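>
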Amino acid sequence: MTRFRSGWPAALALVGVLTACSTAYAPTPLPTPAASAAATTSPAPTTAAAPVTCDNATTSFSPLPSLPQAGTLGGRLGEIVQRGYLVAGVSSDSLLLGSRNPLTNAIEGFDIDIVRELARAIFGDPNKVKFTVITAAQRIPALQDRTVDVVARNMTMTCARWQQIAFSSEYYHSGQKVLVRKGSTATKLEDLGGQAVCAPLGTSSMAVLAKYPDIKAVGSDTHTGCLVLFQQGQVAAITGDDTVLAGLAAQDPYAVVPKSDPITAEPYGLGFNKDDVTFVKYANTVLEQLRSTGRWKAIYDTWLAGPLGPAPAPPVAVYGR
Amino acid sequence: MSQPAAAAAPAPPPRAGSTAYGVPAPAVPSGAPAPGQARPTGMPVPAPTPGPTTRSGADTPTLMRRISLLVATVCTVFAVVGGVTLVDNRTALGRAGANVTQVVTVQSIYGDLLRADANATNAFLVGGLENAAQRADYEAAMGRVSEAIAAAAAAQPADATALAALNGLVTDYAAGIESARAYNREGLPVGAQYLKVASTTLRGQALPILDNLITANRDRVGGEIDDAGSSWPLLVTGLLALGALAWASVWLAGRTRRRLNSGLVLAAAAVVAALVTGTAFAMSAASTAQQVRNNRVQGALSLTAIRSAAYDARSNESLGLIARGQAAPYEAQVKLRQTQISADFERLGRLTWPAGSGTLNDVTNPWSAYVEAHKLARSLDDKGDWDGAVAAVTGAAGGPTVTFSAFDKASAAALGQFDQSLQQEINAPQGQLAFAAFATALLGLGAAAATRRGFAARTKEYE
Chain V
31 MTRFRSGWPA ALALVGVLTA CSTAYAPTPL PTPAASAAAT TSPAPTTAAA
81 PVTCDNATTS FSPLPSLPQA GTLGGRLGEI VQRGYLVAGV SSDSLLLGSR
131 NPLTNAIEGF DIDIVRELAR AIFGDPNKVK FTVITAAQRI PALQDRTVDV
181 VARNMTMTCA RWQQIAFSSE YYHSGQKVLV RKGSTATKLE DLGGQAVCAP
231 LGTSSMAVLA KYPDIKAVGS DTHTGCLVLF QQGQVAAITG DDTVLAGLAA
281 QDPYAVVPKS DPITAEPYGL GFNKDDVTFV KYANTVLEQL RSTGRWKAIY
331 DTWLAGPLGP APAPPVAVYG R
Chain E
3 MSQPAAAAAP APPPRAGSTA YGVPAPAVPS GAPAPGQARP TGMPVPAPTP
53 GPTTRSGADT PTLMRRISLL VATVCTVFAV VGGVTLVDNR TALGRAGANV
103 TQVVTVQSIY GDLLRADANA TNAFLVGGLE NAAQRADYEA AMGRVSEAIA
153 AAAAAQPADA TALAALNGLV TDYAAGIESA RAYNREGLPV GAQYLKVAST
203 TLRGQALPIL DNLITANRDR VGGEIDDAGS SWPLLVTGLL ALGALAWASV
253 WLAGRTRRRL NSGLVLAAAA VVAALVTGTA FAMSAASTAQ QVRNNRVQGA
303 LSLTAIRSAA YDARSNESLG LIARGQAAPY EAQVKLRQTQ ISADFERLGR
353 LTWPAGSGTL NDVTNPWSAY VEAHKLARSL DDKGDWDGAV AAVTGAAGGP
403 TVTFSAFDKA SAAALGQFDQ SLQQEINAPQ GQLAFAAFAT ALLGLGAAAA
453 TRRGFAARTK EYE
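If you read the sequences in order, they're chains V and E.
As numbered in this note's numbering, the first sequence has no gaps in its residue numbers, which increase by one up to the final residue, 351.
As numbered in this note's numbering, the second sequence has no gaps in its residue numbers, which increase by one up to the final residue, 465.
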């Protein structure tokens, strides 16, 4: 009989097995981390393209003899007149050039005023513009798929871009510089070896940055995105056009743009679809008038004279394409 | 336990030819005789004498004691396993209810985060100084998020790691929104970038954690409801006990020339009663749990999913306008959410709504009104009238803000009703299961005792 007592622990063990099941759950899994959208380390996509060289990047189509009447406009311009407003691809976060004023909700700046002059010429009303906010990398695709009629977003005229789109004559002459922390001794890219430097993806600034192998290039979708990374300490400097950097420095008392010679020349042109040659000629006519009437200087004085000094002479237009 | 009269009477020594009840005994020669049946017919058996030794060397009374103990043990195992199974079913129901609560809590975090984000982005859209009520709503939503994260972590240790990661991201999000707000008040465009980064972090990193939490807890609800309906250990051990009793009866009948042992019969009756009671209650609880799952749980989950999707649609409405001319990807998200919500409404329509609560129309009508208001605002922007669209979205009277608020209230009320009836209905069978567990254990132990008694009466005859 005693031998059968050993059956009891066995029975209890069975009960134990049956009751021990699943009161504690497996921990809820964490999602596998996706690549951060805020900061992307280069290589920037622009470096992949073979460099295109030419000596006429700033050469545009010759202007029309005079501005035609709105009613007589045909082609692309006729469609725009029909629609009733111009669609312009702009920046909403480049202070001084094109940025949304958080207090009034209006997008304003040097580039914006240039586009408004184009609308004034077409419609007689500078407000007949629908501003479409685009990133630097979206400028060319937006023109190609005709999401926008014109891009006025501190866009550098380059030989490579001429193969994809058309440009107006040069309307502003900028240059690439660096923005660093107050107290930093660095004044140019050569001084920033071994450090992280930010530039927007798909820009000529990023293409220049990629030529410095010592520098850890960090991309963002906009320059303001770079400023956030700069303020968070993720990058030591930002490189870009002096106009854009002046706008960033104006938002952060600890950011400065040291005086130095520009790394590159950055001629700005209004971007158009490659097929819209007449539209480009029309825009060039408008730009000629802005230069000759003093309106260009007035717009410069409104936005850029403070941070960048007195107005230079407007860039000289080059025609012959 | 009272001894049945027949079993209490001094049992006559085993004899051939007839049983104590005058029924002819099974023909001895038929088949191979068992070792104990080899005695010559009609010969009186000396009662105290130990029976002939078996092949294993044990005599009959020792064998009887062993078999008695074995069968009683099987009955006891049935009592314990059956009782524990039913108690487990009961706690599984309780855990299922707790897991549903956790899903609803996690969904509320999801909804409140998107609500806060909708407020933050919408305030940004208005421009200038933000609306005080909107800011208060943002603060309240973020406050609820913190409380709910703490409550959810306390309620389910398995969610603690995921919730800790979520908590870090929510802190980052709130910090980003505060930076955005501070810069915005200074009129600097970098504020917009902080808002964008915060929103991207929220959608790209925080919401996927919440998705995992919802999936994990929903799976746990399903697992527990399956568990609550599972009574196989009760069935297996019950049938084992019945088998053991039947075998013991047959064996005993062979040894004692008596067809039935009243103790074993009683034990078998107790096991059958316990099996029937336990299985019936387990099945009834399982069917209730299934109904609760198919109806109330489904309803609560659909409503929480609808609310989260609606908040996301609302955020994307603002984000689409903030993107200014690039609304297409945000509007695509709005459309996606609207489709999801329609599908969830269809699912809700097939359910029986809790008694005394509203109807599906109470939720779908305000949603349809909001969808119309949204469509109107969007068409203004699509026509190039951005300022008109912003005014429509942020303004009062029939606009998206007012209609969305009505939908928010209606869907919250419906969710409350589903959640309440869910908890009531899932708790209802718990009392029955507790009773069934007690009854099964008692009957099983009774069967063990009856087995011992039944064998004891026979064993005595050898003493």
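The beta-carbon is built from N, C-alpha and C at its ideal position, and this holds for glycine as well.
Here the structure is a predicted model, which is why all the values come from computation and not from measurement.
Determine the contact status of residue 158/V and residue 97/V, defining contact as a CB-CB distance below 9 Å.
Taking 9 Å as the Cβ cut-off, residue 158/V and residue 97/V do not qualify as a contacting pair.
> Can you check whether the CB of residue 98/E is closer than 9 Å to the CB of residue 230/E?
In this structure, residue 98/E lies closer than 9 Å to residue 230/E by Cβ.
> Is the beta carbon of residue 227/V closer than 9 Å to that of residue 360/V?
Nothing can be reported for residue 360/V, as the shown portion of chain V is limited to 31 through 351.
> Just reading off the beta strand (DSSP E) that residue 363/E is part of, what are its end residues?
Looking at the DSSP string, residue 363/E is not in any beta strand (DSSP E); the run it does join, the alpha helix (DSSP H), is 363-384.
> Quick one, which of 236/E, 292/E, 101/E and 214/E has its alpha-carbon nearest residue 80/E's?
Selected option, being the one with the closest Cα: 236/E.
> So, using beta-carbon positions, are residue 181/V and residue 120/V closer together than 9 Å?
Contact: yes.
> Taking buried to mean at least 16 other C-beta atoms within 10 Å of its own C-beta, is residue 185/V buried or exposed?
With 16 or more Cβ atoms within 10 Å of its Cβ, residue 185/V is classed as buried.
> Going along the chain, which residues of the region 260-294 of chain V sit with their C-beta nearer than 7 Å to a C-beta in chain E?
Answer in chain order: 281.
> On the three-state DSSP scale, how would you describe residue 206/V?
Strand.
> Can you check the region 100-184 of chain V for any alpha helix (DSSP H) of at least 4 residues that lies completely inside it and give the ranges in chain order?
If we require 4 residues or more, the alpha helix (DSSP H) runs fully inside the region 100-184 of chain V come out as 105-113, 140-153 and 169-174.
> Sorted by chain position, which residues of the same chain lie with C-beta nearer than 7 Å to residue 242/V's C-beta, five sequence neighbours on each side aside?
Correct list, in chain order: 219.
> Please state whether the Cβ-Cβ distance between residue 246/E and residue 72/E is less than 9 Å.
Their beta carbons are under 9 Å apart, which means residue 246/E touches residue 72/E by this criterion.
> Counting only the same chain and skipping the five closest in sequence on each side, list residues whose C-beta sits under 7 Å from that of residue 290/V.
Same-chain partners within the cutoff: 207, 217 and 218.
> Output yes if chain E places a C-beta closer than 9 Å to the C-beta of residue 130/V; else output no.
Yes, residue 130/V counts as interfacial toward chain E.
> Could you please tell me which residues of the region 149-166 of chain E, in chain order, have their CB closer than 7 Å to any CB of chain V?
Flagged, chain order: 160, 161, 163 and 164.
> Start and end of the beta strand (DSSP E) containing residue 248/V?
Element bounds for residue 248/V: 246-250.
> Locate the alpha helix (DSSP H) running through residue 417/E, then write down its first and last residues.
Run containing residue 417/E: 402-462, per the alpha helix (DSSP H) assignment.
> May I have a chain-ordered list of the alpha helix (DSSP H) segments no shorter than 4 residues that lie completely inside the region 272-348 of chain V?
The qualifying runs are 272-279, 307-323, 325-333 and 335-338.
> Using only the alpha-carbon positions, how far apart do residue 303/E and residue 109/E sit?
The alpha-carbon atoms of residue 303/E and residue 109/E are separated by roughly 9 Å.
> Can you name the residues that DSSP bridges to residue 230/V?
Paired residue(s): 250/V.
> Between residue 314/V and residue 204/V, is the Cβ-Cβ spacing less than 9 Å?
No.
> Note the first and the last residue of the continuous alpha helix (DSSP H) segment covering residue 236/E.
That run of the alpha helix (DSSP H) goes 234-258.
> CA-CA distance, residue 137/E and residue 414/E?
So the two alpha carbons sit approximately 21 Å from each other.
> Would you list, in chain order, the members of the region 90-123 of chain E that have their beta-carbon closer than 7 Å to a beta-carbon of chain V?
Hits within the stretch, in order: 90.
> For the alpha helix (DSSP H) that contains residue 355/E, what are its first and last residues?
Per DSSP, residue 355/E belongs to no alpha helix (DSSP H) and is neither H nor E.
> Determine, for residue 218/E, whether the minimum Cβ-Cβ distance to residues of chain A falls below 9 Å.
You won't find chain A in this structure, because its protein chains are V and E.
> In whole angstroms, give me the CA-to-CA distance for residue 297/V and residue 88/V.
When rounded, the distance between both Cα atoms is 7 Å.
> Going by the beta-carbon positions, is the gap between residue 284/E and residue 438/E smaller than 9 Å?
Cβ atoms of residue 284/E and residue 438/E: closer than 9 Å.
> Whose C-beta lies closer than 6 Å to the C-beta of residue 277/V among residues of the same chain, with five residues either side of it excluded?
For residue 277/V, where only same-chain residues beyond five positions count, the Cβ hits under 6 Å are 124, 125 and 126.
> Could you name the residues of the same chain whose beta carbon sits closer than 6 Å to that of residue 146/E, not counting the 5 residues immediately before and after it, in chain order?
Excluding positions up to five away in sequence, the list reads 114.
> Could you run through the region 191-207 of chain E and flag, in chain order, every residue whose CB is less than 9 Å away from some CB of chain V?
Residues passing the 9 Å Cβ filter: 191, 192, 193, 194, 195, 196, 198, 199, 202, 203, 206 and 207.
> Hey, is residue 249/E's beta-carbon within less than 9 Å of any beta-carbon in chain V?
Chain V contact via Cβ: absent.
> So the candidates are 62/V, 336/V, 193/V and 140/V; which of them puts its Cα closest to the Cα of residue 303/V?
If we check each option's Cα against that of residue 303/V, 193/V comes out closest.
> Have a look at 435/E, 381/E, 352/E and 339/E and flag the residue whose alpha-carbon is nearest the alpha-carbon of residue 282/E.
Taking only the C-alpha atoms, the option nearest residue 282/E is 435/E.
> Can you look up residue 90/V in the DSSP assignment and give me helix, strand or coil?
Strand, per DSSP.
> Here's the rule: buried if 16 or more other CB atoms are within 10 angstroms of the residue's CB, otherwise exposed. What is residue 313/E?
That one is buried.
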